[in-house]
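There are 2 protein chains.
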Amino acid sequence: MKGIRRLAQHLDISIGTVSRALNGKPDVNEETRRRVLQAAAELGYVPNQSGRSLRQGTTNIIGFMMQTGTEITGQGDIFFMSVFDGVQAVFARHKLDLVALLCSSEEDPSDYLRRVVARGFADGLILSATQRDDPRIEFLAERNIPFVTLGRSLTDAGQPWLDLDFEGMAQASIDRLVARGHRRIAITRPHDDINLGYIFVDRCRRALAAHGLALDEDLIFRSTPNEAGGYQIARDLLALDEPPTAIVLINETIAIGFYQALSEAGVKPGRDIAVIGRYSPHAHFLSPPLTCFRLSLRDLGIALAETLLSAMPAFKDHYPQAPANRVWQMELVEGESDPFRAPRR
Amino acid sequence: MKGIRRLAQHLDISIGTVSRALNGKPDVNEETRRRVLQAAAELGYVPNQSGRSLRQGTTNIIGFMMQTGTEITGQGDIFFMSVFDGVQAVFARHKLDLVALLCSSEEDPSDYLRRVVARGFADGLILSATQRDDPRIEFLAERNIPFVTLGRSLTDAGQPWLDLDFEGMAQASIDRLVARGHRRIAITRPHDDINLGYIFVDRCRRALAAHGLALDEDLIFRSTPNEAGGYQIARDLLALDEPPTAIVLINETIAIGFYQALSEAGVKPGRDIAVIGRYSPHAHFLSPPLTCFRLSLRDLGIALAETLLSAMPAFKDHYPQAPANRVWQMELVEGESDPFRAPRR
DNA sequence: GTGAAAGCGCTAACAG
DNA sequence: CTGTTAGCGCTTTCAC
């Protein structure tokens, strides 16, 4: 004898009553409920999730889909761990469990998602690394699976999303660099079709135009989101006939390689070239400290969770005011990598 | 009508036959099987996991348990992402799915694990960040849940484990530094009770003793496994009356902060102090390049998966030769941070 | 080679 | 307030 049946037998009451007692149904004698809860604790009883899911059609699991190839997302363990921590803080209130759904780099993300959904694995989903055109979005929307994306996409099915404020970062970076005397400003973009790259480049272009400047196509550097990518950017940049005097780096990790390649060439950030990037734990520890845009990843996770829950019928009442779409502000942390520029010559 | 029933109706055969056809049972007419598979593909049928689990008592899911607080694990940016990718490469062969079980920093890991197990969530588990005494190990062993740990522990239930060769790293580092003229050698250890810290410190002590040297307790620096921890170590170290001439860093991430604090004090790695650390993508991009110990994280993941599967009755036949316990070699990458030491005075 | 039917553990509807 | 029972989707006997 196993499971709820065993518990019921142990208490000499019916399994129905045990179930109701455990699930906090009102029509249970308080004394009975107390006995059930105590016995459950003693016997270490926890309801079998498969049985429960099969009956209720819900799993109490929220899946956070991510790709495991390191060069794909551009985010590392730390980024996601921090976000997860915030997400969980919210889910814990509702006894929802967060699991990371790990799509191998060898599998097509859409196929993977299809499998996850068909299996009835999760009650809701969080998608990260949204692509410019992202078939996953349509797929989930068609099936009425509650989900939220971390990142926007041209694929719009009216889904809720949260995204970092890359426009704000672009605008502020360009304005700041221009104000500091720069006219020839480079930017970077991801090597793949992740949506944020488009947003960032577009806004940089417009911000420059507002200052009467054009974005030189040769000053848009594509790179993989890692140290090696940053290194390569610096090498390419220094090889130009007329290098830029400033650059805005879109990824966190590329700063290290970028600094190193400059250093090898005897070029010093802050003195010979202005650099603005994204905050990461090592940004402070570069020399000179990187001027960068920071955000609270944990708070982002919290917002992500609340937005998702507000899209789920079972929880929406708890989060009536959660915004369905939102760009997440980043805060400028002043470093020493982009001082005012000494007038040339 | 849903699920397998719908598929059966569509084909006008019984659900039993559909099930057998889909699951590759031998007693099915090949023509029938072909029709079933085709219809399944057309209708996008995927068996419901809850129904299947309930019936079979197995989920085809392997859980990789990890803690989500960022200061906990002590691994670099992309440590887990890379390991996951290797694990999945193996699991894909057996149609097993890997999910990361994310224990919030606010929850006790043992409680979390208990819940996961009781729910029948996964067929097997991988535990990371094993503590010196780790109750999770006993818990799983008692219940006969197949699992493998990434990391050893004093808690020994005969479980399979894989661990990095911290002894080898300790021994090689000490030998190398001594050979290069160092007598006063510092080491670092994690701030918490993770098991690897004990292994590392013990072996360093013995390696030094073999050279007739004592490990000075003041030269064992505890730190959180992040940039700030490394920064603090360097500050503390430089404040000593008699600073060490060399140091071995146990974590990947601390090198950056460590280098920075040295730099601020005008102390140059490789010239004024020898440094040996762990490889991470930025190790090359430090100046001077860090001499460090590297391993293939993806291969580690593959080995981890194979070791787990060899402990699972359903798969053990495929992996007869997988070692149940194994320290994973790391390879020394020569940088320029620990040259031969100019004799003093 | 196929169909019919039992039953995995659980919750919810219903009867008392 | 409690017991009884149907049935969630699936796999696996057991007949035929």
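Going down the list, the sequences are from chains X and E.
Note that full-length UniProt numbering numbers the first sequence so that position 1 is 1, with each residue one more than the last.
Note that full-length UniProt numbering numbers the second sequence so that position 243 is 243, with each residue one more than the last.
Where a beta carbon is used, it is the ideal one built from N, C-alpha and C, also for glycine.
Return yes when the Cβ of residue j is within less than 8 Å of the Cβ of residue i, no when it is not.
{"i": "Ile254 of chain E", "j": "Gly230 of chain E", "result": "yes"}
{"i": "Ser50 of chain X", "j": "Ser19 of chain E", "result": "no"}
{"i": "Pro47 of chain E", "j": "Ile15 of chain E", "result": "no"}
{"i": "Val267 of chain X", "j": "Ile247 of chain X", "result": "no"}
{"i": "Arg136 of chain E", "j": "Tyr198 of chain E", "result": "no"}
{"i": "Gly63 of chain X", "j": "Ala122 of chain X", "result": "yes"}
{"i": "Met65 of chain E", "j": "Leu113 of chain E", "result": "yes"}
{"i": "Leu215 of chain E", "j": "Arg203 of chain E", "result": "no"}
{"i": "Pro323 of chain X", "j": "Thr307 of chain X", "result": "yes"}
{"i": "Ile250 of chain X", "j": "Ala207 of chain X", "result": "no"}
{"i": "Gly69 of chain E", "j": "Ser128 of chain E", "result": "no"}
If you drop the 5 nearest sequence neighbours on each side, which residues of the same chain put their C-beta closer than 7 Å to that of residue i?
{"i": "His211 of chain E", "result": "Val178"}
{"i": "Arg294 of chain X", "result": "Tyr279, Met330, Glu331 and Val333"}
{"i": "Ala157 of chain E", "result": "Ile137, Glu138 and Ala141"}
{"i": "Asn325 of chain X", "result": "Pro160 and Trp161"}
{"i": "Ala172 of chain E", "result": "Leu332"}
{"i": "Leu7 of chain E", "result": "Val18, Ala39, Ala40, Leu43 and Tyr45"}
Excluding the 5 residues preceding and the 5 following residue i in the sequence, name in chain order all residues of the same chain whose CB lies nearer than 6 Å to its CB.
{"i": "Arg344 of chain E", "result": "With a pLDDT of 49 at Arg344 of chain E, under the threshold of 50, the predicted position of this residue should be treated as unreliable, though the coordinate-derived value follows. Within the same chain, Arg344 of chain E has no close Cβ partners at all."}
{"i": "Arg184 of chain E", "result": "Pro244 and Thr245"}
{"i": "Ala283 of chain E", "result": "Leu290 and Cys292"}
{"i": "Asn226 of chain X", "result": "Thr253"}
{"i": "Ala311 of chain E", "result": "Pro146 and Pro160"}
{"i": "Arg152 of chain E", "result": "Trp161, Asp163 and Asn195"}
{"i": "Arg235 of chain E", "result": "Ala261"}
{"i": "residue 347 of chain E", "result": "It is not possible to answer for residue 347 of chain E, since the shown part of chain E is limited to 1 through 345."}
{"i": "Val327 of chain E", "result": "Asp163 and Asp165"}
{"i": "Ile13 of chain E", "result": "none"}
{"i": "Tyr335 of chain X", "result": "Position check: residue 335 of chain X holds Gly in this sequence, whereas Tyr was assumed. Closer than 6 Å at Cβ, skipping near neighbours: Pro289, Leu290 and Thr291."}
{"i": "Leu154 of chain E", "result": "Arg132 and Asp133"}
For residue i, count the other beta carbons within 10 Å of its own beta carbon; 16 or more makes it buried, fewer makes it exposed. Which is it?
{"i": "Ala209 of chain E", "result": "exposed"}
{"i": "Met330 of chain E", "result": "buried"}
{"i": "Asn144 of chain X", "result": "exposed"}
{"i": "Asp272 of chain X", "result": "exposed"}
{"i": "Pro313 of chain E", "result": "exposed"}
{"i": "Arg42 of chain E", "result": "What sits at residue 42 of chain E in the sequence shown is Glu, not Arg. So Glu42 of chain E ends up on the exposed side."}
{"i": "Thr130 of chain X", "result": "buried"}
{"i": "Arg55 of chain E", "result": "exposed"}
{"i": "Gly257 of chain E", "result": "buried"}
{"i": "Ala239 of chain X", "result": "exposed"}
{"i": "Asp108 of chain X", "result": "exposed"}
{"i": "Gln9 of chain E", "result": "exposed"}
{"i": "Gly76 of chain X", "result": "buried"}
{"i": "Met81 of chain E", "result": "buried"}
Need the endpoints of the alpha helix (DSSP H) that residue i sits in, please.
{"i": "Thr32 of chain E", "result": "Glu30 to Leu43"}
{"i": "Phe91 of chain X", "result": "Asp77 to Ala92"}
{"i": "Pro109 of chain E", "result": "Pro109 to Ala118"}
{"i": "Leu54 of chain E", "result": "Gln49 to Gln56"}
{"i": "Thr130 of chain E", "result": "Taken as a continuous stretch (DSSP letters only), Thr130 of chain E belongs to no alpha helix (DSSP H), as it is neither H nor E."}
{"i": "residue 355 of chain X", "result": "Given a span of 1 to 345 for chain X in the structure shown, any question on residue 355 of chain X remains unanswerable."}
{"i": "Asp236 of chain E", "result": "Glu227 to Leu238"}
Output the boundary residues of the beta strand (DSSP E) element that contains residue i.
{"i": "Val327 of chain E", "result": "Asn325 to Trp328"}
{"i": "Arg203 of chain E", "result": "No beta strand (DSSP E) contains Arg203 of chain E, which is instead part of the alpha helix (DSSP H) from Asn195 to Ala210."}
{"i": "Leu150 of chain E", "result": "Phe147 to Leu150"}
{"i": "Ile15 of chain E", "result": "Counting along the chain, Ile15 of chain E falls outside any beta strand (DSSP E), though it belongs to the alpha helix (DSSP H) covering Ile15 to Leu22."}
{"i": "Gln67 of chain E", "result": "Ile61 to Gln67"}
{"i": "Ala274 of chain X", "result": "Ala274 to Arg278"}
{"i": "Glu331 of chain E", "result": "Glu331 to Val333"}
{"i": "Thr188 of chain E", "result": "Ile185 to Pro190"}
Kindly list the residues whose CB is nearer than 8 Å to the CB of residue i, restricted to its own chain and excluding five residues on each side of it in sequence; keep chain order.
{"i": "Ile220 of chain X", "result": "Ala186, Ile187, Thr188, Arg189 and Val201"}
{"i": "Leu304 of chain X", "result": "Val83, Gly86, Val87, Ile126, Val148, Leu150 and Leu162"}
{"i": "Leu11 of chain X", "result": "Val18, Arg35, Val36 and Ala39"}
{"i": "Ile302 of chain E", "result": "Gly86, Val87, Ala89 and Val90"}
{"i": "His94 of chain E", "result": "Leu309, Phe315 and His318"}
{"i": "Glu264 of chain X", "result": "none"}
{"i": "Pro320 of chain X", "result": "Ser310"}
{"i": "Gly24 of chain E", "result": "none"}
- Query: Does the segment 26 to 33 of chain E come close enough to the segment 94 to 113 of chain X to have 3 or more Cβ pairs within less than 8 Å?
  - Reply: no
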